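2 protein chains.
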Amino acid sequence: MKAKVHVTLKRGVLDPQGKAIGHALQSLGFDGVDDVRQGKFIELDLAETDRAAAQKAVESMCQKLLANTVIEDYRIELAD
Amino acid sequence: MKAKVHVTLKRGVLDPQGKAIGHALQSLGFDGVDDVRQGKFIELDLAETDRAAAQKAVESMCQKLLANTVIEDYRIELAD
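Just so you know, the protein sequences line up as chains A and B, in that order. First residue of the first sequence? That's 0 in numbering that gives the first Met the number 0, and the numbers climb one at a time after it. First residue of the second sequence? That's 0 in numbering that gives the first Met the number 0, and the numbers climb one at a time after it.
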């Protein structure tokens, strides 16, 4: 089973990487870019075939390692 | 208009970050994680309201800045 995890900064948390990308885009002549937020996109190939068990495992992986839950949100998508 | 861009390493390109995450997960006791790939997830708030123009602009942003097209692929999703 494949799991796709999006880890993004919580609203209100300053995103220096996003700001840097925004400025760089502007200096390249891209106007009209109001805001840029950058996060992580993690793809996991799991041996697990049971959907509920996979969801539970990935949830735990996010809590323990993949996301800093103080400042980040995460979203899990499973695909067979 | 909101654009969501996934930037991921091309198949066959070594992913040291993914490998490091995989080893860390294993040391935390998560078995059955066959492969881990990490990429970037970038959200852009655009002033542009025309879909085709937004697609073209973001395509150009990817080519020029957001992705290293030698080793990375990118995928663009637009949302009103």
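Yeah, the Cβ is synthetic: ideal placement off N, Cα and C, and Gly gets one too. These figures come from a predicted structure and were not determined experimentally.
Taking the continuous beta strand (DSSP E) assigned at G17 (chain B), which residues delimit it? Per DSSP, G17 (chain B) belongs to no beta strand (DSSP E); it is in the alpha helix (DSSP H), 15-26.
Does any CB atom of chain A fall closer than 8 Å to the CB of I41 (chain B)? yes
CB contact below 8 Å: K55 (chain A) versus chain B: no
Can you check which of these residues, A:T68, A:Q54, A:L64, is closest to S26 (chain B) by C-alpha distance? A:L64
Interface flag, H5 (chain A) vs chain B, CB-CB below 8 Å: It does; some Cβ of chain B falls within 8 Å.
What residues in the region 59-76 of chain B have a beta carbon less than 8 Å from any beta carbon of chain A? S59, M60, K63, L64, L65
Bridge partner(s) assigned by DSSP for E58 (chain A): Answer by DSSP bridge pairing: none, since E58 (chain A) is not bridged.
Taking a Cβ distance cut-off of 7 Å, strictly less, list which residues of the region 24-39 of chain B are near chain A, in chain order. L24, L27, F29, G31, V32, D33, D34, V35, R36, Q37, G38, K39
By DSSP, does K9 (chain B) sit in helix, in strand, or in coil? coil
From the DSSP output, in three-state form, read off A46 (chain A) for me. When DSSP states are grouped into helix, strand and coil, A46 (chain A) belongs to the coil group.
Enumerate in chain order the residues of its own chain whose CB-to-CB distance from E47 (chain A) is below 8 Å, with the five nearest sequence positions on each side excluded. M0, A53, A56
Nonlocal neighbours in the same chain, by C-beta distance under 6 Å from L43 (chain B), ignoring five residues either side: A2
Mind listing the chain A neighbours of A46 (chain B)? Cutoff is C-beta to C-beta under 9 Å, in chain order. D30, G31, V32, D33
What is the DSSP secondary structure of A66 (chain B), reduced to helix, strand or coil? Under the three-state reduction of DSSP output, A66 (chain B) falls in the coil class, being neither helix nor strand.
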